[in-house]
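There are 2 protein chains.
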Amino acid sequence: MARPREFDQTEVAQAIRRQFVATGFASTSISHLTMATGLGKGSLYGAFGDKEQMFRRTFNAYCEEVFDDILEQLDGPDETALARLSAYADIIVADSSAEKNPHGCFLAKTTAELAAIDPEIAQRALDTFRALDEQIAESIVQAQRAGDIDATADPRSLALLFLAAMRGIESMGKSGMTTEELQSIATAAIGALTGASGPRHNLSDRVWKRRRL
Amino acid sequence: MARPREFDQTEVAQAIRRQFVATGFASTSISHLTMATGLGKGSLYGAFGDKEQMFRRTFNAYCEEVFDDILEQLDGPDETALARLSAYADIIVADSSAEKNPHGCFLAKTTAELAAIDPEIAQRALDTFRALDEQIAESIVQAQRAGDIDATADPRSLALLFLAAMRGIESMGKSGMTTEELQSIATAAIGALTGASGPRHNLSDRVWKRRRL
DNA sequence: CCGTTTATGGACCCAGCGGTCCATAAAAAC
DNA sequence: GTTTTTATGGACCGCTGGGTCCATAAACGG
Chain P
24 MARPREFDQT
34 EVAQAIRRQF
44 VATGFASTSI
54 SHLTMATGLG
64 KGSLYGAFGD
74 KEQMFRRTFN
84 AYCEEVFDDI
94 LEQLDGPDET
104 ALARLSAYAD
114 IIVADSSAEK
124 NPHGCFLAKT
134 TAELAAIDPE
144 IAQRALDTFR
154 ALDEQIAESI
164 VQAQRAGDID
174 ATADPRSLAL
184 LFLAAMRGIE
194 SMGKSGMTTE
204 ELQSIATAAI
214 GALTGASGPR
224 HNLSDRVWKR
234 RRL
Chain A
24 MARPREFDQT
34 EVAQAIRRQF
44 VATGFASTSI
54 SHLTMATGLG
64 KGSLYGAFGD
74 KEQMFRRTFN
84 AYCEEVFDDI
94 LEQLDGPDET
104 ALARLSAYAD
114 IIVADSSAEK
124 NPHGCFLAKT
134 TAELAAIDPE
144 IAQRALDTFR
154 ALDEQIAESI
164 VQAQRAGDID
174 ATADPRSLAL
184 LFLAAMRGIE
194 SMGKSGMTTE
204 ELQSIATAAI
214 GALTGASGPR
224 HNLSDRVWKR
234 RRL
């Protein structure tokens, strides 16, 4: 061992992430990254490799976080499964308003920019979507057991619809759609799960965990 | 008048559009455009202005087309309103598969890249989303009159949910989600409109008009 | 205290960027 | 045929891009 790093790896990684979230891959220059991190080129390259490696690392970490977040948010007993889905939708709404989060979801942004020309990125995005879908489907099965969702409905189909609605909220939120409109989508999505009969259990159970885009 | 242009404006505009759809704004270089169009820099600048003007013109034309398409697709009598919505969803599915259309919807791509830093782009995107929503809502009202959708449901809320599901299909299609999965979303979205009772009229009425992303 | 090893950040490289300019070509006006 | 006007496309410019290199700094082992 010799001279140690003068910076905190995770702090710098967060600064890099903030920059990529704001300006994507192509529009982020190395000088953006040196400014955002306060490091020189040499340090940045020494610690994280080139721009592409930095980006892939950031994107993978983001996808993992997105998944960890839904895992934590949807975890719980059958009786509050629907309430947790509703709370998750509320979180998506809150995080998708352009006012609060002008740059939108990094997963969506990166898929839009790179999926067509980078199979690795596309695959990671697809894996993440499928993982989200799976978690949602599990919660729907729980809610079916609890009597909040029609037990004869196909949970996989409902889960995909719910996920699509969430991605739609994100997609349109970036353009400046109001929180009221986005919230209406979230409410309607939950309504689509419960059907005309409505839920058996209360949706307003306190099941919020934490927020993340 | 003197020497006339040697190229067809609309053909060249289409070539420009193909390039922007493929590589977005930042990642499209002028040399990309000269290659795509076969024109020299001078001609391109003379006829269309600089890169930013070319892009804005292309984006605006695209938004208009998206709206014209839904207008044409959803036009018709009450009895087939739901079938037309279903056909529209099928078109979105077909156009959103990465296999057929790797670059995705230009509206989504541009919103993801630029809405956060360009209010004019954001506003145009928002206007387009709202216009789509309005047309969908109108068709839903028609379907309610025809007895295919519960007349007590709020058409605005249902329309936003439907639109969000469509944008979700587009968003996830780019990552390579299968046509079957995307189609399942479309079917579930129509199901969410009709509710548990199902539609009164047949969904398979021949109401397809033309295709567009 | 000195040699070794690694971190540091700015100098440097050159390829490609967006944009301008201009000599030339070509059609219209007369 | 001559003049006028516009289109054309490549030469050219200043600048910034990503990436490398290296003199220097700083901590450790002995």
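Order-wise, the sequence lines are chains P and A. The opening position of the first sequence corresponds to residue 24 in this note's numbering, with each subsequent residue numbered one higher. The opening position of the second sequence corresponds to residue 24 in this note's numbering, with each subsequent residue numbered one higher. C-beta atoms are modelled at their ideal positions from N, C-alpha and C, and glycine is treated no differently. As the structure is a computational prediction, the values presented were derived from the model and not from experiment.
Rounded to a whole number of angstroms, what is the C-alpha to C-alpha distance between residue i and residue j?
i: Ala115(A); j: Asp31(P); result: The sequence given here has Ile at residue 115(A), not Ala. Cα to Cα, Ile115(A) sits roughly 46 Å from Asp31(P).
i: Ile209(P); j: Leu183(A); result: It is Ala, not Ile, that sits at residue 209(P) in the sequence shown. Distance between the alpha carbons of Ala209(P) and Leu183(A) is about 10 Å.
i: Phe152(A); j: Ala145(A); result: 11 Å
i: Pro222(P); j: Leu216(P); result: 9 Å
i: Phe71(A); j: Lys197(A); result: 30 Å
i: Leu97(P); j: Ile159(P); result: 8 Å
i: Arg80(P); j: Ala25(A); result: 57 Å
i: Lys74(P); j: Pro142(P); result: 18 Å
i: His241(P); j: Arg40(P); result: Any answer about residue 241(P) is impossible in this case: the structure gives chain P only from 24 up to 236.
i: Gly18(A); j: Glu204(P); result: In this structure chain A extends from 24 to 236, so residue 18(A) is not present and cannot be described.
i: Gly65(A); j: Lys123(A); result: 34 Å
i: Leu181(P); j: Ser180(A); result: 18 Å
i: Pro100(A); j: Ser220(A); result: 22 Å
i: Tyr68(A); j: Ile140(A); result: 24 Å
i: Ser162(A); j: Ala176(A); result: 13 Å
i: Ile251(P); j: Ser52(A); result: As shown, chain P starts at 24 and ends at 236. That puts residue 251(P) outside it, with no answer to give.
i: Glu157(P); j: Pro178(A); result: 30 Å
i: Ala110(A); j: Thr201(A); result: 18 Å
i: Gln76(A); j: Glu95(P); result: 46 Å
i: Leu36(A); j: Asp150(A); result: One detail in the question is off: residue 36(A) reads as Ala in this sequence, not Leu. Distance between the alpha carbons of Ala36(A) and Asp150(A): 23 Å.
i: Gly63(A); j: Leu62(P); result: 41 Å
i: Phe185(P); j: Phe185(A); result: 11 Å
Beta-carbon separation of residue i and residue j under 7 Å?
i: Thr57(A); j: Ala38(A); result: no
i: His224(A); j: Glu102(A); result: yes
i: Ala112(A); j: Ala188(P); result: no
i: Ala148(P); j: Thr134(P); result: yes
i: Ser50(A); j: Ala45(P); result: no
i: Gly191(P); j: Arg190(A); result: yes
i: Gly218(P); j: Asp173(P); result: yes
Rounded to the nearest angstrom, how far is the Cβ of residue i from that of residue j, given a contact under 8 Å?
i: Ile12(P); j: Leu137(P); result: Residue 12(P) lies beyond the range of chain P shown here (24 to 236); nothing can be said about it.
i: Gly47(A); j: Lys132(A); result: 6 Å
i: Ser194(P); j: Ser194(A); result: 5 Å
i: Phe43(P); j: Phe78(P); result: 6 Å
If you pair each beta-carbon of the stretch 190-210 of chain A with each one of the stretch 100-117 of chain A, do three or more pairs fall below 8 Å?
-> Taking 8 Å as the limit for Cβ pairs, the verdict is that the stretch 100-117 of chain A does touch the stretch 190-210 of chain A.
Counting pairs of beta carbons, one from the stretch 83-99 of chain A and one from the stretch 124-134 of chain A, are three or more of them closer than 8 Å?
-> Result yes; three or more Cβ-Cβ pairs closer than 8 Å.
Minimum length 4: unbroken alpha helix (DSSP H) runs contained in the stretch 161-230 of chain P | Entirely contained in the stretch 161-230 of chain P, the alpha helix (DSSP H) runs reaching 4 residues are, in chain order, 178-196 and 202-217.
At least three beta-carbon pairs within less than 8 Å, the stretch 159-170 of chain P to the stretch 93-108 of chain P = Counting C-beta pairs with one atom in each stretch, the stretch 159-170 of chain P and the stretch 93-108 of chain P have three or more that are closer than 8 Å, which means they touch.
Which ranges does the alpha helix (DSSP H) cover as unbroken runs of at least 4 residues, wholly within the stretch 104-138 of chain A, from first to last along the chain?
-> Whole alpha helix (DSSP H) segments, 4+ residues: 104-119 and 129-137.
Whole alpha helix (DSSP H) elements within the stretch 28-58 of chain A, 4-residue minimum = Taken in chain order, the unbroken stretches of alpha helix (DSSP H) that lie wholly in the stretch 28-58 of chain A and span 4 residues or more are 32-46.
Length at least 4, wholly inside the stretch 66-102 of chain P: the alpha helix (DSSP H) runs in chain order = Taken in chain order, the complete alpha helix (DSSP H) segments of 4 residues or longer contained in the stretch 66-102 of chain P are 74-97.
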